[in-house]
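**Student:** First residue of the sequence shown? That's 1 in this note's numbering, and the numbers climb one at a time after it.
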Amino acid sequence: MQDNVELIVNPRASGKHWSRGLRKNKQIPAVVYGPKIENLNFSISETDATRYNKSDFENTIFTLKSDNTNLNGLKVLKKEIVIHPMSRRPVHMDFYAVDMTSEVRVHIKVKYIGKPLGLMSGGVVQEIRHEVEVECLPNNIPEIIELDISKMQLGDVLHASDLILPANVELITSEEEALVSVTEPREEEPAAVEATATPAEGAVATAAPATEKKD
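If you want it as structure tokens, here you go:
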């Protein structure tokens, strides 16, 4: 399951002027929202924003730490981080305040383990999906879901129904959704030969008649 991570934050004023000042001081403006709280503006360090902008922390429960009583102790999920297109530095983050007693829906990465038997017959592994949606309490969010593909033969397909989920985790993705297959390698199509039009032997190329010039 995902570990809880403490995140030191500070309340902030809203507005572009304040946001620019924060970024100059290596602080990133952020907001937290949820069904049971009003939107709260705060800032976090650019170092933390960069560190946690990785897929490893996609479903991590963060505990906010602040002198502000409205922020301190909030359990949140990272929802979105905006990256500057040129500098590639984070410029804003959104968080969602979770109710630890209510189930949430999240997307979990599927990790395929093992070497399919079908590879011995020349098969190729095709990973169709890399994640599935599940529903569970925040403290039960799995970090990844493993799927053993070692017994797959040529032509086999595994579906979401083949996943073994942890206790108290419900699959939301359709059970019929294909996840991975072992298929025959595609034959390379012969390169198309570019046809070049050349006049037939003895033929005389003719130009389009010029438009008659009028005085």
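The beta carbon of each residue, even a glycine, is placed where N, CA and C say it ideally should be.
Decide if residue 82 is buried, meaning its Cβ has at least 16 other Cβ atoms within 10 Å, or exposed.
**Tutor:** In the sequence shown, the residue the question calls residue 82 occupies position 82. Under this definition residue 82 is an exposed residue.
**Student:** Reducing DSSP to helix, strand and coil, say where residue 163 ends up.
**Tutor:** The residue you call residue 163 lines up with position 163 of the sequence shown. Residue state, collapsed to three classes: coil.
**Student:** Going by DSSP in three states, residue 10 sits in which element: helix, strand or coil?
**Tutor:** For the purposes of this step, residue 10 is taken as the residue at position 10 of the sequence shown. Looking at residue 10 - three-state DSSP - the assignment turns out to be strand.
**Student:** Applying the 10 Å Cβ sphere with the 16-neighbour rule, what's the burial state of residue 102?
**Tutor:** Here residue 102 refers to the residue found at position 102 when the sequence shown is read from its first residue. By the 10 Å Cβ count, residue 102 comes out exposed.
**Student:** Ignore the nearest five residues each way along the sequence and tell me which others in residue 24's own chain have a CB closer than 7 Å to its CB.
**Tutor:** Counting from 1 along the sequence shown, the entry for residue 24 is found at position 24. Counting only Cβ-Cβ distances below 7 Å, and skipping sequence neighbours, we find nothing.
**Student:** Alpha carbon to alpha carbon, how far is residue 153 from residue 145?
**Tutor:** Your numbering for residue 153 matches position 153 in the sequence shown. Your numbering for residue 145 matches position 145 in the sequence shown. Approximately 22 Å between the Cα atoms of the pair.
**Student:** Hey, which unbroken runs of the beta strand (DSSP E) at 3 residues or more fall wholly within the region 91–179?
**Tutor:** As far as the region 91–179 is concerned, its whole beta strand (DSSP E) runs of at least 3 residues are 104–113, 124–127, 131–136, 144–148, 157–159.
**Student:** What does the alpha-carbon distance come out to for the pair residue 20 and residue 112?
**Tutor:** For the purposes of this step, residue 20 is taken as residue 20 along the sequence shown, with counting starting at 1. For the purposes of this step, residue 112 is taken as residue 112 along the sequence shown, with counting starting at 1. Distance between the alpha carbons of residue 20 and residue 112: 44 Å.
**Student:** Looking only at its own chain, which residues have a Cβ that is under 8 Å from the Cβ of residue 194, when we skip the five neighbours before and after it?
**Tutor:** Indexing the sequence shown from 1 puts residue 194 at position 194. Interpretation of residue 194 is limited by its pLDDT of 49, a score under 50 that renders its predicted location unreliable; the figure taken from the coordinates is listed afterwards. Once the five neighbours on either side are set aside, residue 194 has no close Cβ partner at all.
**Student:** Tell me, to the nearest whole angstrom, how far the beta carbon of residue 110 is from that of residue 28; I am working on the premise that it is less than 8 Å.
**Tutor:** Indexing the sequence shown from 1 puts residue 110 at position 110. Indexing the sequence shown from 1 puts residue 28 at position 28. The pair is not a contact, with the Cβ atoms about 31 Å apart (cut-off 8 Å).
**Student:** Find the nearest neighbour of residue 56 within the set 77, 72, 175, judged by alpha-carbon distance.
**Tutor:** Taking the sequence shown and counting its residues from 1, one reaches residue 56 at position 56. Here the closest residue by C-alpha is 77.
**Student:** Would you please state the rounded distance, in angstroms, between the beta carbons of residue 37 and residue 7? I believe it to be under 8 Å.
**Tutor:** Your numbering for residue 37 matches position 37 in the sequence shown. Your numbering for residue 7 matches position 7 in the sequence shown. Rounded, the Cβ-Cβ distance is 16 Å, inconsistent with contact.
**Student:** Taking residue 134 as the reference, which of 182, 46, 171 has the closest Cα?
**Tutor:** Within the sequence shown, numbered from 1, the residue matching residue 134 stands at position 134. Measuring from the Cα of residue 134, the nearest candidate turns out to be 171.
**Student:** I need the boundaries of the alpha helix (DSSP H) containing residue 46, first residue and last residue.
**Tutor:** As a position in the sequence shown, residue 46 is number 46, starting the count at 1. Here the alpha helix (DSSP H) through residue 46 covers 46–51.
**Student:** Could you compute how far the alpha carbon of residue 180 sits from the alpha carbon of residue 163?
**Tutor:** Walking along the sequence shown from the start, residue 180 turns up at place 180. Walking along the sequence shown from the start, residue 163 turns up at place 163. Distance between the alpha carbons of residue 180 and residue 163 is about 11 Å.
**Student:** Check the DSSP bridge columns for residue 42 and list the partner residues they point to.
**Tutor:** Numbered from its first residue, the sequence shown carries residue 42 at position 42. Looking at the DSSP assignment, residue 42 forms a beta bridge with 11, 30.
**Student:** Alpha carbon to alpha carbon, how far is residue 143 from residue 136? Give it in angstroms, no decimals.
**Tutor:** Working through the sequence shown from its first residue, we reach residue 136 at position 136. Working through the sequence shown from its first residue, we reach residue 143 at position 143. Cα-Cα distance, rounded: 13 Å.
**Student:** Buried or exposed for residue 5, please, with buried defined as at least 16 other CB atoms from any protein chain shown within 10 angstroms of its CB.
**Tutor:** For the purposes of this step, residue 5 is taken as residue 5 along the sequence shown, with counting starting at 1. By the 10 Å Cβ count, residue 5 comes out exposed.
**Student:** Find out if the Cβ-Cβ distance for the pair residue 9, residue 66 is shorter than 7 Å.
**Tutor:** By one-based count along the sequence shown, residue 9 stands at place 9. By one-based count along the sequence shown, residue 66 stands at place 66. Going by C-beta atoms, residue 9 is nearer than 7 Å to residue 66.
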